[in-house]
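A quick write-up on the structure given underneath.
Number of protein chains: 2
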Amino acid sequence: MPEFSSRTVAIMGLGLISGSLARALKASAWDGEIIAWGPREPSLKLGLELGAIDDYSLSLSDVVARADMIVVGAPPASTGLILREIVDSLSDTKHAPVLTDLASIKGHVIDTMARDYAGFVPGHPIAGSEHSGVKYADEGLFRGREVILTPLETTDLAAVNEVEAMWQLTGAYLSQMAVDQHDALLAASSHMPHMVSYALTRALEKDPSDPMTHGGGALRDMTRIAGSDPLMWTDIALTNREALLLAIDAFEVEVAALRQMVADSDGDLMNDYFSICRRHRREHDHVLNPMTQNDTDSTG
Amino acid sequence: MPEFSSRTVAIMGLGLISGSLARALKASAWDGEIIAWGPREPSLKLGLELGAIDDYSLSLSDVVARADMIVVGAPPASTGLILREIVDSLSDTKHAPVLTDLASIKGHVIDTMARDYAGFVPGHPIAGSEHSGVKYADEGLFRGREVILTPLETTDLAAVNEVEAMWQLTGAYLSQMAVDQHDALLAASSHMPHMVSYALTRALEKDPSDPMTHGGGALRDMTRIAGSDPLMWTDIALTNREALLLAIDAFEVEVAALRQMVADSDGDLMNDYFSICRRHRREHDHVLNPMTQNDTDSTG
Chain A
97 MPEFSSRTVA
107 IMGLGLISGS
117 LARALKASAW
127 DGEIIAWGPR
137 EPSLKLGLEL
147 GAIDDYSLSL
157 SDVVARADMI
167 VVGAPPASTG
177 LILREIVDSL
187 SDTKHAPVLT
197 DLASIKGHVI
207 DTMARDYAGF
217 VPGHPIAGSE
227 HSGVKYADEG
237 LFRGREVILT
247 PLETTDLAAV
257 NEVEAMWQLT
267 GAYLSQMAVD
277 QHDALLAASS
287 HMPHMVSYAL
297 TRALEKDPSD
307 PMTHGGGALR
317 DMTRIAGSDP
327 LMWTDIALTN
337 REALLLAIDA
347 FEVEVAALRQ
357 MVADSDGDLM
367 NDYFSICRRH
377 RREHDHVLNP
387 MTQNDTDSTG
Chain B
97 MPEFSSRTVA
107 IMGLGLISGS
117 LARALKASAW
127 DGEIIAWGPR
137 EPSLKLGLEL
147 GAIDDYSLSL
157 SDVVARADMI
167 VVGAPPASTG
177 LILREIVDSL
187 SDTKHAPVLT
197 DLASIKGHVI
207 DTMARDYAGF
217 VPGHPIAGSE
227 HSGVKYADEG
237 LFRGREVILT
247 PLETTDLAAV
257 NEVEAMWQLT
267 GAYLSQMAVD
277 QHDALLAASS
287 HMPHMVSYAL
297 TRALEKDPSD
307 PMTHGGGALR
317 DMTRIAGSDP
327 LMWTDIALTN
337 REALLLAIDA
347 FEVEVAALRQ
357 MVADSDGDLM
367 NDYFSICRRH
377 RREHDHVLNP
387 MTQNDTDSTG
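Residue numbers (the numbering used here), protein chains in the order written: chain A, 97 to 396; chain B, 97 to 396.
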């Protein structure tokens, strides 16, 4: 396993995910320095007070100049723009830090960045929460979770190794895939399920009998992610539009099929359908519940 | 608050929910006896070994004859049949125990029972788990949860009071509504959300990229209830068909609306939609998460 050799990590945009990375690094054997830049000073100040970071600046180029490893934590639409600004600020210098990001969509980010930079390793940790802000940062957020890297043709292998070494400190495990493959996968595994939760929540919201007032564990879980940040999810839906539409279409086919079974009172078909679902869910339980039941569930 | 005066409670069908009721009564100040009947002796034996019940018999009429309070815990389709058998076994005696059930559909149960019995109080605790069996019975399952009673015109007020007194011992709170109102409400708050989770899980199961292998907290929650017992949910879908179809229709309208916003890249509409969902979810957080974060989450 390659060792994480960066001495100074810069967090560009301090929120729940990037703040959790900062906390996980702080809690690890690594003893480097974490600095941050962001558009809102109160978040940076809070990060400093909470001990997630060691220093911050409101000047992007100052932070970039000091860093060996730069991690951009921002919504997908902003991530590409910040990456572009970072690469531009490095273009007249000899300084060549490793650069990575956390955005859940890679194609749009790379298109927006529109720069080749050998030290850039597109990344995406599969972890989150319906909360937002560094206030909710949690050092255990990535434990047992997957981090997907989508290196480009222009990406240096050494940079990939360094990003992998960083994530290994957090307890995450690494995988690699192509950009398009990542975006289609995430549309199905995360973005479409969020749309499903939103649609379900809205249907309940419109029901005059207020079903959520009588909700149990099923509704708790099925609507939890509908509490997610509206702006972030608007951004995700806009930037992964094509893949998301395909995933929604596939879901709608299943709802229609299931509705037909109910309309037909076809118990045999339903029982088969539900049994396939239960088996599929159980086969993936170790991925979806990587922690034991007694651990704190950081994704709320 | 009326006191729970029954000395012997009979559980007819020992599973997760009825077993949790038995455990909750055992853990309360009440010091009566709990006996059980069921079609499968291993479950009854296990209940005895676990200390959930004090005694059992494979003879329904023997258990009925000894009980002051009879609780039927079975899938909806069987619940009505068992209730009918119980009332028939009482018809030639002076013994008149209070009778209640736990089924999540009331109309079909009452239709199948096809008997008037003044001591019968249809009931439904809004609590559960994707697990099944007395093995998973949990004395805390009902704490902070709602129990809905749907008394009929023929129901004695004294019987309602006694059933309420029993549930109060478990930490649940009580409400009452009409049978039709209950079934429409549950279609929206529980049955349709289960169908949504099944449809989502099936869409993922069919995707050759196996998105669940890369799932995080969102998928964990959105597919948890797709691990539920296929036979039980087939039964529920068959017995609450009309109300369930209406709830699925309302949901499909929302998915189509959201899909259109994505297709149109209409960020303003999306942001409004997501914001309404987040507000609605937050306003109901105290119902959906009645326990503090540090408590054990009995619904898994």
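Where a beta carbon is used, it is the ideal one built from N, C-alpha and C, also for glycine.
Report task. Could you tell me whether any Cβ in chain B is nearer than 7 Å to the Cβ of A:N367? Result -> Output row for A:N367: interface = yes.
Requested in this report: In angstroms with no decimal places, state the Cα-to-Cα distance between B:E99 and B:S293.
Outcome: Those two C-alpha atoms are separated by around 40 Å.
Report task. Could you tell me if A:R399 is buried or exposed, where buried requires 16 or more neighbouring beta carbons within 10 angstroms of its beta carbon? Result -> Because chain A here runs from 97 to 396, residue 399 of chain A falls outside it and cannot be looked at.
Query raised in the report: Can you name the residues that DSSP bridges to A:Y269?
Result: Under DSSP, A:Y269 forms a beta bridge with A:E242.
Query raised in the report: Pick from B:M288, B:V349, B:S153: whose alpha carbon is nearest that of B:P135?
Result: Here the closest residue by C-alpha is B:S153.
Query raised in the report: Can you give the Cα-Cα distance for B:T392 and B:L237, rounded to whole angstroms?
Result: Because B:T392 carries a pLDDT of 34, less than 50, the predicted location of this residue cannot be relied on, and no value is offered for it.
Query raised in the report: What residue range is occupied by the uninterrupted beta strand (DSSP E) comprising A:P221?
Result: Residues 219-221.
Query raised in the report: At a CB-CB cut-off below 9 Å, which residues of chain A make contact with B:R337?
Result: Within chain A, the residues whose beta carbon sits less than 9 Å from that of B:R337 are V358, A359, S361, listed in sequence order.
Requested in this report: For A:M165, write down the residues that DSSP places opposite it in a beta bridge.
Outcome: Beta-bridge pairing links A:M165 to A:V105, A:V194.
Query raised in the report: Identify the residues that DSSP records as bridge partners of A:F424: which are they?
Result: Only positions 97 to 396 of chain A appear in this structure, which leaves residue 424 of chain A out of reach.
Requested in this report: Taking C-beta pairs closer than 7 Å, name the residues in chain A that B:E145 reaches, listed in chain order.
Outcome: Within chain A, no residue comes near B:E145; the closest Cβ sits about 23 Å away, beyond 7 Å.
Requested in this report: Using only alpha-carbon positions, find the residue among B:R337, B:R355, B:N385 that is nearest to B:A173.
Outcome: When B:R337, B:R355, B:N385 are compared, the shortest CA-CA separation from B:A173 is found for B:R337.
Query raised in the report: So B:S329 is in the alpha helix (DSSP H); what residue range does that whole segment cover?
Result: Checking the sequence shown, residue 329 of chain B turns out to be Trp, not Ser. 326-335 is the extent of the alpha helix (DSSP H) around B:W329.
Requested in this report: For the beta strand (DSSP E) containing B:A132, list its first residue and its last residue.
Outcome: Unbroken beta strand (DSSP E) run through B:A132: 129-133.
Query raised in the report: Under the rule that 16 or more other beta-carbon atoms within 10 Å means buried, what is A:R298, buried or exposed?
Result: Buried, because 16 or more other Cβ atoms sit within 10 Å of the Cβ of A:R298.
Requested in this report: Starting from A:D150, follow the alpha helix (DSSP H) in both directions and report where the run begins and ends.
Outcome: Premise fails: A:D150 is in no alpha helix (DSSP H) and is neither H nor E.
**Report entry** Rounded separation between A:K190 and A:Y213 - CA only
**Finding:** Cα-Cα distance, rounded: 13 Å.
Requested in this report: Could you give the DSSP three-state label for B:K202: helix, strand or coil?
Outcome: Here B:K202 sits in coil by DSSP.
Report task. Check each residue of the stretch 219-233 of chain B: if its Cβ is closer than 8 Å to any Cβ of chain A, include it; give the result in chain order. Result -> Listed by position along the chain: I222, A223, G224, S225.
Requested in this report: Can you pull the chain B residues whose beta carbon is under 9 Å from the beta carbon of A:S286, in chain order?
Outcome: Ordered by position in chain B, the residues that pass the 9 Å Cβ test against A:S286 are P307, H310, G311, G312, A314, L315.
Query raised in the report: So what's A:S225 in DSSP terms, helix, strand or just coil?
Result: DSSP places A:S225 outside both helix and strand once states are collapsed to three, so it counts as coil.
Query raised in the report: With a cut-off of 8 Å, do at least 3 Cβ pairs link the stretch 325-344 of chain B to the stretch 269-276 of chain A?
Result: Short answer: they don't touch.
Query raised in the report: For B:W329, which residues from the same chain have a beta carbon less than 7 Å from its beta carbon, with the 5 sequence-adjacent residues on both sides left out?
Result: Apart from sequence neighbours up to five positions away, the residues of its chain that approach B:W329 with a beta-carbon distance below 7 Å are H290, ordered along the chain.
Query raised in the report: What do you reckon, are the CB atoms on A:L110 and A:G143 nearer than 7 Å?
Result: Result yes, Cβ atoms of A:L110 and A:G143 sit closer than 7 Å.
Query raised in the report: Shorter than 7 Å from the beta carbon of A:G323 to some beta carbon of chain B?
Result: Closer than 7 Å to some Cβ of chain B, the Cβ of A:G323 qualifies, so yes.
Report task. Could you work out which residues of chain A lie near B:V159, taking near to mean beta carbons separated by less than 7 Å? Result -> Contacts between B:V159 and chain A, judged by CB atoms closer than 7 Å, are missing: the closest CB pair is about 29 Å apart.
Query raised in the report: Is it true that the CB of A:R119 sits closer than 7 Å to the CB of A:A148?
Result: Contact check for A:A148 against A:R119 passes: the beta carbons are separated by less than 7 Å.
**Report entry** Three-state secondary structure assigned by DSSP to A:F100
**Finding:** Residue state, collapsed to three classes: coil.
Query raised in the report: Span of the alpha helix (DSSP H) holding B:G176?
Result: For B:G176, the enclosing alpha helix (DSSP H) begins and ends at 172-186.
Report task. Would you grab the beta carbon distance between B:G169 and B:M108 for me? Rounded to a whole angstrom, and I think it's under 8 Å. Result -> Rounded, the Cβ-Cβ distance is 7 Å, consistent with contact.
Query - B:S116 to B:A333 span [Cα, whole Å] - result: When rounded, the distance between both Cα atoms is 24 Å.
Report task. Note down the Cα distance separating A:H310 from A:V351, rounded to an integer number of angstroms. Result -> So the two alpha carbons sit approximately 24 Å from each other.
Query raised in the report: How about A:T250 and A:G219: are their beta carbons less than 7 Å apart?
Result: No, they are not a contact pair.
Requested in this report: Report yes or no: is there a C-beta of chain B within less than 7 Å of the C-beta of A:D303?
Outcome: Taking 7 Å as the CB threshold, A:D303 lines the interface with chain B.
Requested in this report: Could you check what DSSP says for B:L237 in three-state terms: helix, strand or coil?
Outcome: Three-state DSSP puts B:L237 in coil, outside helix and strand.
Query raised in the report: How many whole angstroms separate the CB atoms of A:G312 and B:S286, which I take to be in contact at a CB cut-off of 8 Å?
Result: The distance from the Cβ of A:G312 to that of B:S286 is about 7 Å, consistent with a contact at the 8 Å cut-off.
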